[in-house]
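Chemist:
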Amino acid sequence: MSMQKAINQRQAVRDFAARKVASSDLDEILDAGQAAPVGMGEYEKFHLTLLTDTSVISRIESDSVSTPYYGAPAVIIVSAQKQGASVGAMEYVSAGTIVENMALTATARGLASCVIMGALGPLSKDTQLLADIQIPQNFVPVISLAVGYPNKPQVTLEKSRHEIETDKI
Ligand SMILES: Cc1cc2nc3c(=O)[nH]c(=O)nc-3n(C[C@H](O)[C@H](O)[C@H](O)COP(=O)(O)O)c2cc1C
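For what it's worth, the working numbering labels the leading residue of the sequence shown as 127, then goes sequentially.
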């Protein structure tokens with residue numbers, strides 16, 4: 127799949143089949159995250175966590191009232207190092223580049239995905255679960271990607287459905 131096709135075809139999927147994702151696909155997706163640009167090249171400020179144990183994914187979901195992982199068999203969490211009490215703007219932006227690289231690679235490999243931030247607020251307060259999934263000390267989960275196969279066939283998208291107001295000056 128061409129890069130442009132993957133960009134247009136990527137869409138938030140919120141209904142995943144139970145079918146597992148091959149570890150080779152997940153490794154490619156993780157590699158795409160590694161290839162992303164991050165501010166000042168400070169890759170040590172980020173941490174990736176691949177979850178394929180659905181009982182662990184369910185524990186995160188049960189912390190969160192309204193933001194599930196939609197039955198995805200795999201979730202990748204991008205965590206960033208705190209600067210003082212919180213994560214800096216550059217780290218948030220950089221986490222976005224990491225997650226988008228991974229989402230596009232998932233699309234290019236015929237997989238569906240959904241960027242999820244909502245579940246991470248509750249997770250960030252669950253110190254036991256953070257320890258159980260080995261988030262390093264002083265790191266906070268900032269964005270995540272649900273990955274899997276869609277329950278319904280995805281609509282083929284040839285161009286973006288969104289319109290960001292744009293000036294050309
Ligand atoms: C930073 C960020 C946070 C998001 N958090 C959630 C979320 O918690 N739950 C969810 O269902 N979708 C979430 N999304 C998905 C967006 O709602 C979705 O990407 C957007 O509506 C555009 O639709 P599209 O991805 O199909 O193009 C998030 C997306 C981004 C970029």
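All C-beta atoms in this analysis are idealised placements derived from N, C-alpha and C, irrespective of residue type, glycine included. These numbers come from a predicted model, not from an experiment.
At the level of alpha carbons, what is the spacing between T233 and T223?
Modeler: One C-alpha to the other measures close to 15 Å.
Chemist: Measure from the alpha carbon of V164 to the alpha carbon of each residue in V204, V182, M216, then state which is nearest.
Modeler: For V164, the nearest C-alpha among the options comes from M216.
Chemist: When DSSP builds the beta bridges, which residues end up paired with L176?
Modeler: DSSP, once it has assigned bridges, lists I202 as partnering L176.
Chemist: Less than 6 Å between the CB of G159 and some heavy atom of ligand 1, yes or no?
Modeler: Checking the Cβ of G159 against ligand 1 gives no.
Chemist: Output the distance between the C-alpha atoms of L237 and Q263, rounded to the nearest integer angstrom.
Modeler: If you take the alpha carbons of L237 and Q263, they lie about 32 Å apart.
Chemist: Can you name, in chain order, every residue of its own chain whose Cβ lies under 6 Å from the Cβ of G197, other than the five neighbours on each side?
Modeler: Answer for G197: F142, listed in chain order.
Chemist: Between V266 and ligand 1, is there a pair consisting of the residue's CB and a ligand heavy atom that are separated by less than 6 Å?
Modeler: Incorrect: V266 has no Cβ contact closer than 6 Å to ligand 1.
Chemist: Taking 6 Å as the cut-off, does the CB of V241 come closer than this to any heavy atom belonging to ligand 1?
Modeler: Indeed, a heavy atom of ligand 1 lies less than 6 Å from the Cβ.
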